[in-house]
Amino acid sequence: MPWTGVNPVQDPPEYDPENKYADPVLYYRHREAAVTEAYIKVSEAKVLRRKLKECYRTEGIDHLTQCKEVAQKYLEAIKGVGIYKANSGPHDKATWAKDKQ
């Protein structure tokens, strides 16, 4: 059998977010796909951060104009991304954030 490359974990199409505990296997496949996707986003942000550091180092005093696009891409990449966000469960809520009614 020839090697076809890396196959990333796919979110199962049969997964029902309304009744997520009905099928434990689908739930864990969904969680694995969500965590994998979050780790990929974190890795992309790390690559952009390395590029931004290198740009700052090479451009010197012109880094504000020369590295602006890379900095904006990096800021977009880190919005709402984090390993701890990938591991949050249904009962994980911030205790300090109260709903104001």
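For the sequence shown, the positions run 7 to 107 when our numbering is used. Ideal Cβ positions, reconstructed from N, Cα and C, are used throughout, including at glycine.
When C-beta atoms of the region 77 to 87 are compared with those of the region 50 to 68, three or more pairs fall below 8 angstroms, so the two segments count as touching. For A28, the number of other beta carbons within 10 angstroms of its own is below 16, and it is reported as exposed.
For the pair A40 and V87, the CB atoms are not nearer than the 8 angstroms cut-off.
In the displayed model, T10 falls within coil according to three-state DSSP, outside both helix and strand.
I67 carries a helical assignment under DSSP once its states are collapsed to helix, strand and coil. Going by C-alpha positions, P18 is about 40 angstroms away from C61. Boundaries of the alpha helix (DSSP H) harbouring E82: 74 to 83, taken from the DSSP string.
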